[in-house]
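S.K.:
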Amino acid sequence: GAGVSQSPSNKVTEKGKDVELRCDPISGHTALYWYRQSLGQGLEFLIYFQGNSAPDKSGLPSDRFSAERTGGSVSTLTIQRTQQEDSAVYLCASSWTGAWDNEQFFGPGTRLTVL
Amino acid sequence: AQRVTQPEKLLSVFKGAPVELKCNYSYSGSPELFWYVQYSRQRLQLLLRHISRESIKGFTADLNKGETSFHLKKPFAQEEDSAMYYCALSGQGNMLTFGGGTRLMVKP
Numbered sequence: 067g068a069g070v071s072q073s074p075s076n077k078v079t080e081k082g083k084d085v086e087l088r089c090d091p092i093s094g095h096t097a098l099y100w101y102r103q104s105l106g107q108g109l110e111f112l113i114y115f116q117g118n119s120a121p122d123k124s125g126l127p128s129d130r131f132s133a134e135r136t137g138g139s140v141s142t143l144t145i146q147r148t149q150q151e152d153s154a155v156y157l158c159a160s161s162w163t164g165a166w167d168n169e170q171f172f173g174p175g176t177r178l179t180v181l
Numbered sequence: 046a047q048r049v050t051q052p053e054k055l056l057s058v059f060k061g062a063p064v065e066l067k068c069n070y071s072y073s074g075s076p077e078l079f080w081y082v083q084y085s086r087q088r089l090q091l092l093l094r095h096i097s098r099e100s101i102k103g104f105t106a107d108l109n110k111g112e113t114s115f116h117l118k119k120p121f122a123q124e125e126d127s128a129m130y131y132c133a134l135s136g137q138g139n140m141l142t143f144g145g146g147t148r149l150m151v152k153p
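Quick mapping for you: the protein sequence lines, in order, are chains P and E.
For the first sequence, my numbering begins at 67 and goes up steadily by one.
For the second sequence, my numbering begins at 46 and goes up steadily by one.
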């Protein structure tokens, strides 16, 4: 595959609506990460999946945010009841393993705008 | 807690001038540090990692544990170096903690 892909590339939604963001990692990569890039907060970690282990959700900002990874591959980040402060670029990254020294390969991001 | 600070939001230099992008970190354990770069309209990508002690595109970075710094340096900046640079730390857990980023502009 070409690399990490994300869809949609842009999403505009109304406050209060739910949104789903998709990430396709590089084939064979067992670790998958979600980050958020916003003007006020920079790049923040959200959630991390490693193989079949329970995900590390320590970066999720509220219980409106959730993510799943099906079959150890594709991941979906869901934001319920979106708020204007959720507007940001959501980045997905994957690596061969979750080891600290594994290079993380980033996707192009999904730009979310909440009106 | 782990924290990465990049004190300069913008650094502007002329082509051929030396460049130093500052990065300071806070972490109680033994950190692993990285520099990531994002060129215009491209995705974020790894530039270099301290464990490799490598020079990529003429850039080097030395980990100074005494000063808790990992500054990125290049002796002669090129226009194609213009980009957003992020210092990142991998400590507790395997996620990256990023600094706020420094935009480097290299003027002709």
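Yeah, the Cβ is synthetic: ideal placement off N, Cα and C, and Gly gets one too.
Considering just the uninterrupted stretch of the beta strand (DSSP E) at Lys69(E), what are its terminal residues?
M.R.: Residue identity check: residue 69(E) is Asn in the sequence provided, not Lys. Element bounds for Asn69(E): Asn69 to Ser71.
S.K.: Short check: CB of Ser160(P) to CB of Leu98(P), under 8 Å?
M.R.: Between Ser160(P) and Leu98(P), the CB-CB gap stays under 8 Å.
S.K.: Secondary structure at Ile101(E), three-state DSSP: helix, strand or coil?
M.R.: Ile101(E): strand per DSSP, three-state reduction.
S.K.: Whose C-beta lies closer than 8 Å to the C-beta of Thr79(P) among residues of the same chain, with five residues either side of it excluded?
M.R.: Val85, Thr148, Leu178, Thr179, Val180 and Leu181
S.K.: Would you kindly work out how many angstroms separate the C-alpha atoms of Gly146(E) and Gly82(P), rounded to a whole number?
M.R.: 31 Å
S.K.: With 8 Å set as the bound, which would you pick, yes or no: does the beta-carbon of Arg148(E) sit closer than that to a beta-carbon of chain P?
M.R.: no
S.K.: If I follow the unbroken beta strand (DSSP E) through Phe115(P), where does it start and stop?
M.R.: Taken as a continuous stretch (DSSP letters only), the beta strand (DSSP E) holding Phe115(P) covers Gly108 to Gln116.
S.K.: Could you check if Phe79(E) is buried or exposed, using at least 16 other CB atoms within 10 Å of its CB as the buried criterion?
M.R.: Phe79(E) should be labelled buried.
S.K.: Do Pro174(P) and Ser75(P) count as a contact pair if the criterion is CB distance below 8 Å?
M.R.: yes
S.K.: Could you spell out the range, first to last residue, of the beta strand (DSSP E) harbouring Asp90(P)?
M.R.: Val85 to Asp90
S.K.: Report the three-state DSSP secondary structure of Asp107(E) (helix, strand or coil).
M.R.: coil
S.K.: Can you tell which of Arg88(E), Pro76(E), Pro153(E) and Lys118(E) has the C-alpha that lies nearest to the C-alpha of Leu134(E)?
M.R.: Pro76(E)
S.K.: For the putative contact between Arg88(P) and Val140(P), defined by C-beta atoms under 8 Å, what is the C-beta separation to the nearest angstrom?
M.R.: 7 Å
S.K.: Can you give me, in chain order, the residues of the segment 103 to 134 of chain E that have a beta carbon less than 7 Å from any beta carbon in chain P?
M.R.: Tyr131
S.K.: Would you say Arg98(E) faces chain P, with C-beta separation under 8 Å as the test?
M.R.: no
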